[in-house]
Structures are given as structure tokens and as C-alpha cells.
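Below: the structure, in C-alpha cells.
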Amino acid sequence: MLVAFSVAPSGTGHADGSVHDAVAAAVRIVRESGLPNHTGSMFTEIEGEWDEVFAVVKKATDAVAAYGSRVSLVLKADIRPGYSGEITGKVERLEAALERGTAAE
2 MLVAFSVAPS GTGHADGSVH DAVAAAVRIV RESGLPNHTG SMFTEIEGEW DEVFAVVKKA
62 TDAVAAYGSR VSLVLKADIR PGYSGEITGK VERLEAALER GTAAE
């Protein structure tokens with residue numbers, strides 16, 4: 002399964018509203034999990050089996066909770082049994098289609 006998630010605290014007390022320290026704590030947990038992952042500007046993607054992925058998401062959410070009075074979690078999952086390597090495979094297939102010119106113009 003692939004999971005894209007974003008977790009952030011509110012009520013941090015920072016005047017500028019920055020949550021980068023809390024997000025760094027969450028991303029550190031994801032990276033230390035050993036599961037395939039990718040972090041972009043708005044979401045972190047992680048790939049693995051249901052129980053292992055959600056255990057990492059929970060641990061990351063718990064880490065963020067230390068930075069504020071509330072936590073917001075947004076999550077999207079692609080559950081496709083029997084497939085792995087999709088965290089890069091989907092992008093590779095997209096790039097190949099773009100190179101072939103098969104995308105709608």
C-alpha cells in the first residue's frame with residue numbers, strides 16, 4: 002500500500018505559524034522506519050504493508066503532538082494487494098508516457 006500523509010500541529014505558539022520543527026520530527030520517524038518513502042512540499046509518501054505503514058503514521062503523529070495543543074492529520078491511501086515498488090513505479094510509468102507523447106495535449 003501507498004500512503005500519502007501530512008501531519009502538523011496547531012497552537013504551536015510560534016508567531017510566524019511555522020511548523021517545520023514538528024514536521025521534521027515526523028519525517029525523521031518515517032525515514033528511520035526503513036520503509037520506502039518520499040517527502041515533498043506538502044505530503045510524505047510511505048510504502049509497505051498496512052500494519053507497518055499505519056504504525057509509522059501513528060508514531061509520526063504522536064511525535065508532532067509534542068509541538069502543539071492539537072494535531073491535524075490528512076491521509077490518502079492506495080491499497081493494491083500484490084504490488085510493491087509503486088512509490089517509484091507510478092512516477093516512472095508517468096514519465097515514460099510523457100516521453101512517448103501518449104499524454105493528452
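Here the sequence shown is numbered in our numbering, starting from 2 and rising by one per residue.
Beta carbons: idealized from backbone N, C-alpha and C, even for Gly.
- Ranked by Cα distance from Val-28, the first of Gly-90, Gly-102, Val-65 and Asp-79 is Val-65.
- Under DSSP, Lys-77 forms a beta bridge with Ala-5.
- As computed with DSSP, Ser-11 is found in a beta bridge with Arg-71.
- Following the DSSP letters along the chain, one finds Glu-53 inside the alpha helix (DSSP H) bounded by residues 51-66.
- For Pro-37, same chain residues with a beta-carbon under 6 Å away, outside a window of 5 residues either side, are Glu-48 and Ile-88 in chain order.
- Here the C-alpha atom of Arg-71 lies approximately 12 Å from the C-alpha atom of Ala-23.
- One alpha carbon belongs to Phe-44, the other to Ala-5, and they sit about 6 Å apart.
- For Gly-90, the uninterrupted alpha helix (DSSP H) segment begins and ends at 87-101.
- Within the DSSP bridge table, the entry for Ile-47 names Val-4 and Asn-38 as partners.
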